[in-house]
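J.: Dropping the structure in here first, questions after.
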Amino acid sequence: MSIKVEDYFSPETFQRMKAFADKQETPFVMIDKQTIADSYDQLVNCFPFAKIYYAVKANPATEITELLRDKGSNFDIASIYELDKVMKTGVGPERISYGNTIKKARDIRYFYEKGVRLFATDSEADLRNIAKAAPGAKVYVRILTEGSTSADWPLSRKFGCNPDMALDLLILAKQLGLVPYGVSFHVGSQQRDIDVWDAAIAKVKVIFERLKEEDGITLQMINMGGGFPANYIQRTNSLETYAEEIIRFLKEDFGDELPEIILEPGRSLIANAGILVSEVVLVARKSRTAVERWVYTDVGKFSGLIETMDESIKFPIWVEKKGEMEEVVIAGPTCDSADIMYEHYKYGLPLNLAAEDRLYWLSTGAYTTSYSAVEFNGFPPLKSYYL
Ligand SMILES: Cc1ncc(COP(=O)(O)O)c(C=O)c1O
1 MSIKVEDYFS PETFQRMKAF ADKQETPFVM IDKQTIADSY DQLVNCFPFA KIYYAVKANP
61 ATEITELLRD KGSNFDIASI YELDKVMKTG VGPERISYGN TIKKARDIRY FYEKGVRLFA
121 TDSEADLRNI AKAAPGAKVY VRILTEGSTS ADWPLSRKFG CNPDMALDLL ILAKQLGLVP
181 YGVSFHVGSQ QRDIDVWDAA IAKVKVIFER LKEEDGITLQ MINMGGGFPA NYIQRTNSLE
241 TYAEEIIRFL KEDFGDELPE IILEPGRSLI ANAGILVSEV VLVARKSRTA VERWVYTDVG
301 KFSGLIETMD ESIKFPIWVE KKGEMEEVVI AGPTCDSADI MYEHYKYGLP LNLAAEDRLY
361 WLSTGAYTTS YSAVEFNGFP PLKSYYL
């Protein structure tokens, strides 16, 4: 299977990025800021009523947070370190949500002292910490969702609670002097089944109604998390189709009286803007008669490609050489046998591929730099350039 660049980048953008890449030593990822700006505008057009909170974990580079700051984005923050980094660029606390449900009491206090008043939770212990460390704050409860088989990078199980427990927590929030503000969910990253949002929104609706009718609590917000698609090998519906369907689900359940809607995109905003460029270190066969070649390259699971774990995310790989293709195993440069990116899903690369040829890993703008190890096997973290 050969990758057509035109399916991922306009020829002009690719030429511009390639010309830059030709002057750099591999490995590195380069990110085209215009593509991010366009993705942001597209999301705003698709969901004009929603408030966007960029999930900083997808790529915390200041070049990106500043761009999104200037476009009016808010920020979903996972730690005190992300908080400091984003606030340093002049973003005010009213544009920040502490979206991580797993946090220390002293970190909640830190956010509160910085002025943040919006917190996610999914457990009683965390809620009680918020009540003590962030008195009077707005809280939203994250619920568990289905869809883990249709998401390429599922986020189920570890986060969220059963809707019954969400009810208990929102009632308790009120008793503890907090503002029971809303409900959140995340259907799993790179979620390919749009219907999963339908089921999640229906669960939220039940929580809204039960609290209103039985406890006199009026919730005000739904945080629909991320899960919107990037362009990888396995194609998805367009963002427009996602939006049309999700808006239909919202209207079916909430009519024209929509609560405040928050979106927390990470991957869908950033991934398509990135190209990771690596170099072939070696091409080898494991026996005299082996048909399969191993292509070892100078990036791997520990230098930005951790999402190839279980071959979950299948990045499109483009090479300049053309000609007869043959199946390959693609592996990284470290002395760790887990450092194999693709073995079961059969990538094809040209038979004449050789050491020093370059691999262009498309759609690698999200969850690459921030996942890169600092010194595994002595290799430095993945370099990144923002164009
Ligand atoms: C709380 C939260 N919001 C948003 C996101 C971003 O999701 P995505 O990259 O699928 O857009 C994540 C990803 O892990 C998350 O944990």
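Take UniProt numbering: the last position of the sequence shown gets the number 387, and nothing is skipped along the way.
Cβ atoms here follow ideal geometry from the backbone N, Cα and C, with glycine treated the same way.
All values reported here derive from a predicted model rather than from experimental measurement.
Could you tell me which of Lys203, Gly177, Lys104 sits nearest to Arg142, measuring between CA atoms?
T.: Walking along the sequence shown from the start, residue 142 turns up at place 142. Out of Lys203, Gly177, Lys104, Lys203 has the C-alpha closest to the C-alpha of Arg142.
J.: With a CB to CB cut of under 6 Å and the five nearest residues on each side skipped, what residues in its chain are close to Lys346?
T.: Position 346 of the sequence shown, counted from the start, is the residue given in the question as residue 346. The residues are Glu327.
J.: Who are the Cβ neighbours of Ala243 in its own chain at under 8 Å, not counting the five residues just before and after it?
T.: Taking the first residue of the sequence shown as position 1, residue 243 is located at position 243. Within the same chain, Ala243 has close Cβ partners Cys46, Phe47.
J.: Looking at the structure shown, is Gly274 part of a helix, part of a strand, or coil, going by DSSP?
T.: Translated into the one-based positions of the sequence shown, residue 274 becomes position 274. Strand.
J.: Quick check for students: name the residue ranges of the beta strand (DSSP E) that lie wholly in the region 203-232, counting only runs of 3 or more.
T.: Counting whole runs of 3 or more residues, the region 203-232 contains the beta strand (DSSP E) stretches 221-223.
J.: Do you know offhand how far Phe249's Cα is from Phe185's?
T.: Locating residue 249 in the sequence shown gives position 249, where the first residue counts as 1. Locating residue 185 in the sequence shown gives position 185, where the first residue counts as 1. Approximately 15 Å between the Cα atoms of the pair.
J.: Given that a residue counts as buried once 16 or more other Cβ atoms are within 10 Å of its Cβ, and exposed if not, what is Gly136?
T.: Mapped onto the sequence shown, residue 136 falls at position 136. Label assigned to Gly136: exposed.
J.: Under 8 Å by Cβ, that's how I've got Phe302 and Ala373 pegged, so tell me the actual separation to the nearest angstrom.
T.: Taking the first residue of the sequence shown as 1, we reach residue 302 at position 302. Taking the first residue of the sequence shown as 1, we reach residue 373 at position 373. Rounded, the Cβ-Cβ distance is 4 Å, consistent with contact.
J.: With DSSP as the reference, please indicate the residues paired to Trp318 in a beta bridge.
T.: As a first step, residue 318 is located in the sequence shown; it is residue number 318 there, counting from the start. Tyr360, per the DSSP bridge assignment.
J.: From which residue to which residue does the alpha helix (DSSP H) around Phe111 run?
T.: By 1-based counting over the sequence shown, the position of residue 111 is 111. 105-113 is the extent of the alpha helix (DSSP H) around Phe111.
J.: Quick one: which unbroken alpha helix (DSSP H) runs of 4-plus residues sit fully inside the region 159-203? Chain order, please.
T.: As summarised for the region 159-203, the continuous alpha helix (DSSP H) elements at least 4 residues long and confined to that stretch are 163-175, given in chain order.
J.: Could you give the residue range of the alpha helix (DSSP H) that holds Tyr81?
T.: Translated into positions along the sequence shown, residue 81 becomes position 81. 80-88 is the span of the alpha helix (DSSP H), which, as asked, contains Tyr81.
J.: How would you call Asp76, buried or exposed, if buried means at least 16 neighbouring beta carbons within 10 angstroms?
T.: If you number the sequence shown from 1, residue 76 lands on position 76. Flag for Asp76 reads buried.
J.: Any chance the CB of His186 is under 6 Å from a heavy atom of ligand 1?
T.: As a first step, residue 186 must be located in the sequence shown, where it is residue number 186. Yes - ligand 1 has a heavy atom lying nearer than 6 Å to the Cβ of His186.
J.: With distances taken between CB atoms, is the gap from Ser39 to Leu269 smaller than 7 Å?
T.: For the purposes of this step, residue 39 is taken as residue 39 along the sequence shown, with counting starting at 1. For the purposes of this step, residue 269 is taken as residue 269 along the sequence shown, with counting starting at 1. Yes, the pair counts as a contact, with Cβ atoms nearer than the cut-off.
J.: Assign Phe75 to one of three DSSP states: helix, strand, or coil.
T.: Residue mapping note: residue 75 aligns to position 75 of the sequence shown, counting from 1. Strand, per DSSP.
J.: Can you tell me which of the three DSSP states Tyr371 falls into?
T.: By one-based count along the sequence shown, residue 371 stands at place 371. If DSSP states are grouped into helix, strand and coil, Tyr371 belongs with the helices.
J.: How long is the line joining the alpha carbons of Glu124 and Lys23, rounded to whole angstroms?
T.: For the purposes of this step, residue 124 is taken as the residue at position 124 of the sequence shown. For the purposes of this step, residue 23 is taken as the residue at position 23 of the sequence shown. If I take the Cα positions, the gap works out to 54 Å.
J.: So what does Ser384 bridge to, in DSSP terms?
T.: Stepping through the sequence shown from its first residue, residue 384 is reached at position 384. In DSSP, Ser384 forms a bridge with Val29.
J.: Strictly by DSSP, which residues pair up with Thr236?
T.: Translated into positions along the sequence shown, residue 236 becomes position 236. For Thr236, which the question treats as bridged, DSSP gives no partner whatsoever.
J.: Please confirm whether Ala284 and Ser363 have their CB atoms less than 7 Å apart.
T.: As a working note, residue 284 is residue 284 in the sequence shown. As a working note, residue 363 is residue 363 in the sequence shown. Result no, Cβ atoms of Ala284 and Ser363 do not sit closer than 7 Å.
J.: Shorter than 6 Å, the distance from the beta carbon of Leu82 to the closest heavy atom of ligand 1, or not?
T.: Along the sequence shown, one-based indexing puts residue 82 at 82. The sequence shown places Glu at residue 82, not Leu. Checking the Cβ of Glu82 against ligand 1 gives no.
J.: Within the continuous alpha helix (DSSP H) that includes Met17, where are the two ends?
T.: Within the sequence shown, the letter at position 17 stands for residue 17. From DSSP, the alpha helix (DSSP H) with Met17 extends over 11-21.
J.: Can you give me the C-alpha to C-alpha distance between Ser312 and Thr101, rounded to a whole angstrom?
T.: As a first step, residue 312 is located in the sequence shown; it is residue number 312 there, counting from the start. As a first step, residue 101 is located in the sequence shown; it is residue number 101 there, counting from the start. Cα to Cα, Ser312 sits roughly 24 Å from Thr101.
J.: Could you tell me if the beta carbon of Glu343 falls within a distance shorter than 6 Å of some heavy atom in ligand 1?
T.: Taking the sequence shown and counting its residues from 1, the one referred to as residue 343 is at position 343. Incorrect: Glu343 has no Cβ contact closer than 6 Å to ligand 1.
J.: So Arg117 is in the alpha helix (DSSP H); what residue range does that whole segment cover?
T.: The count along the sequence shown starts at 1 and reaches residue 117 at position 117. Note, Arg117: premise wrong, no alpha helix (DSSP H); not H, not E.
J.: Give the secondary structure of Glu257 by DSSP, where H, G and I count as helix, E and B as strand, and everything else as coil.
T.: Translated into the one-based positions of the sequence shown, residue 257 becomes position 257. Looking at Glu257 - three-state DSSP - the assignment turns out to be coil, as it is neither helix nor strand.
J.: Should Pro265 be labelled buried (16 or more other beta-carbon atoms within 10 Å of its own) or exposed?
T.: Taking the first residue of the sequence shown as 1, we reach residue 265 at position 265. Classification of Pro265: buried, given that the 10 Å Cβ count is 16 or more.
J.: Here's the rule: buried if 16 or more other CB atoms are within 10 angstroms of the residue's CB, otherwise exposed. What is Gly147?
T.: Locating residue 147 in the sequence shown gives position 147, counting from the first residue. Under this definition Gly147 is a buried residue.
J.: I need the DSSP call for Tyr40, collapsed to helix, strand or coil.
T.: Along the sequence shown, one-based indexing puts residue 40 at 40. If DSSP states are grouped into helix, strand and coil, Tyr40 belongs with the helices.
J.: Among the residues of its own chain, which have a CB less than 8 Å from the CB of Val319, if the five just before and after it don't count?
T.: Walking along the sequence shown from the start, residue 319 turns up at place 319. Cβ within range, chain order: Leu349, Pro350, Leu353, Asp357, Arg358, Leu359, Tyr360.
J.: Should Lys81 go down as buried or exposed, given a rule of 16 or more other Cβ atoms within 10 Å for buried?
T.: By 1-based counting over the sequence shown, the position of residue 81 is 81. The residue you asked about is not Lys; residue 81 is Tyr in the sequence shown. With fewer than 16 neighbouring CB atoms inside 10 Å of its own CB, Tyr81 falls in the exposed class.
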